[in-house]
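See structure below.
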Amino acid sequence: MRYALISDIHANLPALEAVLTDIGGRPEIGATYHLGDLVGYAPWPDETVALLERAGIPGVAGNYDSTVATDYRHCGCRYEDPVQEQLSHVSYDWTRKHVSSVTKRALGALPFRIDLLPNGGHTAGPRVVLVHGAPTLNTLYWTEDRPDDFCLRMAGHAGAKAGDVIAFGHTHKPWHRTVGDIHFLNTGSVGRPKDGDWRAGYVILEIGGGTVDTEFVRVEYDVDRAAREIERSDLPNAFAEYLRTGGQPAPASGGRG
Ligand SMILES: [Fe+2]
471 MRYALISDIH
481 ANLPALEAVL
491 TDIGGRPEIG
501 ATYHLGDLVG
511 YAPWPDETVA
521 LLERAGIPGV
531 AGNYDSTVAT
541 DYRHCGCRYE
551 DPVQEQLSHV
561 SYDWTRKHVS
571 SVTKRALGAL
581 PFRIDLLPNG
591 GHTAGPRVVL
601 VHGAPTLNTL
611 YWTEDRPDDF
621 CLRMAGHAGA
631 KAGDVIAFGH
641 THKPWHRTVG
651 DIHFLNTGSV
661 GRPKDGDWRA
671 GYVILEIGGG
681 TVDTEFVRVE
691 YDVDRAAREI
701 ERSDLPNAFA
711 EYLRTGGQPA
721 PASGGRG
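The number in our numbering is simply the position in the sequence shown, starting from 1, with 470 added.
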């Protein structure tokens, strides 16, 4: 079975459209799931949620989705410096003000976790656990440099065993590690990559017959359209530069928000 896993779209409609077109050109993909953070940082929150619904793509709640849905006091994001923190608050306030009640309800209805059993639930076999950040909280940043112990503890929380996959996003940097024959897969980000590559990122996961294969895909999209609309909106212009540079703008442009 081959899955496309898309995460951290962050209201970047042009990036999502390009990724869905790319997936549409790969008939071998059996199903697509999103891993949350549908909104925030770009001006198309309603359109992003509506497009995923139209495309019939289910998924889990990111921290941005569950905090907007519940009117939490902040987005649950980690800040690397005071400038980034300030910009994050602007983005969160903007998003809360601009999402429709329909979108807010849709965000609130997203489950925390989805389990996939590629062989079917009627037989023993591998399990794919989809969460946004980690099996305990969607705010937890699971970076590639976490120790093996941490990965196994999270696998314990998820009830994962050898041969299973835990897939997540949240850090906006793609990676794949295996610890104790359990696969830990960070999908990267569709709409706000932070690894210095501006292209939209997602992952194709193939699982079955005792093997797990992953392919990290990058898709060019109309980043100028996204940047222009950010600059035209009340969102901080620094977010446009952030998209153009894959999350690594020069310090003078307003930090690494
Ligand atoms: Fe995110």
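Beta carbons: idealized from backbone N, C-alpha and C, even for Gly. Note that the coordinates shown come from a computational prediction; the quantities given were computed from them, not determined experimentally.
Using a Cβ-Cβ cut-off of 8 angstroms (strictly less than) and excluding sequence neighbours within five positions of residue i, which residues of its own chain qualify?
{"i": "Arg688", "result": "Asp667, Arg669, Ala670 and Gly671"}
{"i": "Asp516", "result": "His568, Val569, Ser570, Val572 and Thr573"}
{"i": "Glu701", "result": "Asn707 and Ala710"}
So for residue i, helix, strand or coil by DSSP?
{"i": "Ala579", "result": "coil"}
{"i": "Gln718", "result": "coil"}
{"i": "Arg566", "result": "helix"}
{"i": "His653", "result": "strand"}
{"i": "Arg688", "result": "strand"}
{"i": "Val682", "result": "strand"}
{"i": "Leu705", "result": "coil"}
{"i": "Val660", "result": "coil"}
{"i": "Ser477", "result": "coil"}
{"i": "Ile700", "result": "helix"}
Under the rule that 16 or more other beta-carbon atoms within 10 Å means buried, what is residue i, buried or exposed?
{"i": "Asp615", "result": "exposed"}
{"i": "Lys643", "result": "buried"}
{"i": "Arg548", "result": "exposed"}
{"i": "Glu523", "result": "exposed"}
{"i": "His640", "result": "buried"}
{"i": "Leu607", "result": "exposed"}
{"i": "Pro617", "result": "exposed"}
{"i": "Gly725", "result": "The predicted model places Gly725 with a pLDDT of 40, which falls under 50 and marks its position as unreliable; any figure quoted below should be read in that light. Buried, because 16 or more other Cβ atoms sit within 10 Å of the Cβ of Gly725."}
{"i": "Asp704", "result": "exposed"}
{"i": "Arg543", "result": "exposed"}
{"i": "Gly716", "result": "buried"}
{"i": "Ala525", "result": "exposed"}
{"i": "Arg597", "result": "buried"}
With a threshold of 7 angstroms between beta carbons, is residue i in contact with chain B?
{"i": "Glu685", "result": "Given the protein chain composition of this structure (a single chain), no chain B is represented."}
Cutting at 7 angstroms between CB atoms, please list the residues of its own chain near residue i, excluding the five before and the five after it.
{"i": "Leu486", "result": "Ile479, Thr518, Leu521, Val660 and Gly661"}
{"i": "Arg714", "result": "Trp668, Val693 and Ala697"}
{"i": "Val530", "result": "Leu505, Gly506, Leu580, Pro581, Phe582, Arg583, Ile584, Leu600, Val601 and His602"}
{"i": "Asp535", "result": "Gly506, Asp507, Leu508, Val509, Leu577 and Leu580"}
Grab me the residues of residue i's own chain with a C-beta within less than 6 angstroms of its C-beta, minus the 5 sequence neighbours each way, in chain order.
{"i": "Gly658", "result": "Pro644 and Gly671"}
{"i": "Met624", "result": "Ala604 and Pro605"}
Exercise for review: Kindly provide the chain-ordered list of residues whose Cβ lies closer than 5 angstroms to any non-hydrogen atom of ligand 1.
Suggested key: Ordered by chain, the residues meeting the criterion of a beta-carbon within less than 5 angstroms of a non-hydrogen atom of ligand 1 are Asp478 and Asp507.
Review point. Of all the alpha helix (DSSP H) runs that stay within the bounds of the stretch 574 to 645, which reach a length of 4 or more residues?
Key: The stretch 574 to 645 contains these whole alpha helix (DSSP H) runs: 618 to 628.
Practice item. Give, in chain order, every unbroken run of the alpha helix (DSSP H) that is at least 4 residues long and sits entirely within the stretch 479 to 520. Key: Taking only runs of at least 4 residues, the alpha helix (DSSP H) segments lying wholly in the stretch 479 to 520 are 483 to 494.
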